[in-house]
Structures are given as structure tokens and as C-alpha cells.
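> Residue numbers (the numbering used here): 1083 to 1215.
Glycine included, every Cβ here is placed at the ideal spot set by N, Cα and C.
#1: Which of the three DSSP states, helix, strand or coil, is assigned to residue 1178?
#2: By the DSSP assignment, the beta strand (DSSP E) with residue 1119 in it spans what residues?
#3: Between which two residues does the alpha helix (DSSP H) holding residue 1200 run?
#4: Thinking C-beta only, is residue 1157 closer than 7 Å to residue 1106?
#5: Might you give, ordered along the chain, the residues of its own chain that have their beta carbon closer than 6 Å to the beta carbon of residue 1149, omitting 5 neighbours on each side?
#6: To which residues of the same chain is residue 1098 closer than 8 Å at the C-beta, ignoring the five residues directly before and after it?
#7: What is the DSSP secondary structure of residue 1217, counted as helix, strand or coil?
#8: Give the DSSP-derived three-state secondary structure of residue 1171 in the structure shown.
#9: When you compare only the Cα positions, how much space is there between residue 1110 and residue 1136?
#10: Taking all protein chains shown into account, do 16 or more other C-beta atoms lie within 10 angstroms of the C-beta of residue 1188, making it buried, or fewer, making it exposed?
#11: In chain order, what residues of the same chain have a beta carbon less than 7 Å from the beta carbon of residue 1126, not counting five sequence neighbours either side?
#12: So the beta strand (DSSP E) residue 1159 belongs to, where does it begin and stop?
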């Protein structure tokens, strides 16, 4: 059975969306992946979509979701470093990844965030699969 992982941020428009994209791409055999925000936002940031496309990941069908749109309980609850306080969501593991928000910055800021998120998703996959490399 796949483990449920949820990436949480304020708007679910950038970092948590990139984490969802990476986890679905790299961990599709291990994780059931969700992302959500604590506040409404109209769209995924275009530069987040663009930098993920550079890595071959299509996020064009992803959209901002709220906590009510994801399961009531997850195995991994990961906040992205936005000082967001989530209503309690039952989980086995909770982490804050502390990733700086590139929103409003240059495309290179998005690339930096994308690459950090990729490394953290790979680490999460390795921990879950028991791979110590």
C-alpha cells in the first residue's frame, strides 16, 4: 500500500505544487501524493510551471487546493517553510522543509527552489524505501 504524503503551504501555488510534481514523478510507486494550501489562490505560479517543464514535468493540469480537498489523514505531512500553522491533520511524520519562497523573484529563484525540493523529495523517497544511499 502506498504511503500518503501531503505538501502544505499558504497558497499551494508554487513550492508545494513543485513538491507534488516531483513526488508524483519520482515516487509514483511509493507515494500517493497531495498538496494543499491554507488560503485560496487563483492559479499555480506560471514560473513554477515553467521551471518544472524544464525538467520534463508537466504541471499544467495542477491547480491550487485547500486542506479540505486532501485526505483527513496522511503518513507524511510536509510544510514548505512558509510559517504556516495547519489545522491538525493526523500524520505519522511531520516535517518542515524551510524552503524560501521564490514568488515575485526571478526565474533563477524558482530554479533554486525546484532543485532543493527535488533533493528533499529524493531523500524522502530513499527514507521510505529504506535506501540509505
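Let's see:
#1: strand
#2: 1113–1119
#3: 1189–1211
#4: no
#5: 1118
#6: 1089, 1090, 1091, 1117, 1118, 1119 and 1162
#7: The requested residue 1217 does not occur in the structure, where the chain is confined to residues 1083 to 1215.
#8: Note: residue 1171 maps to coil in three-state DSSP.
#9: Approximately 20 Å, taken between the alpha carbons.
#10: exposed
#11: 1095, 1099, 1141, 1144, 1145 and 1146
#12: 1158–1161
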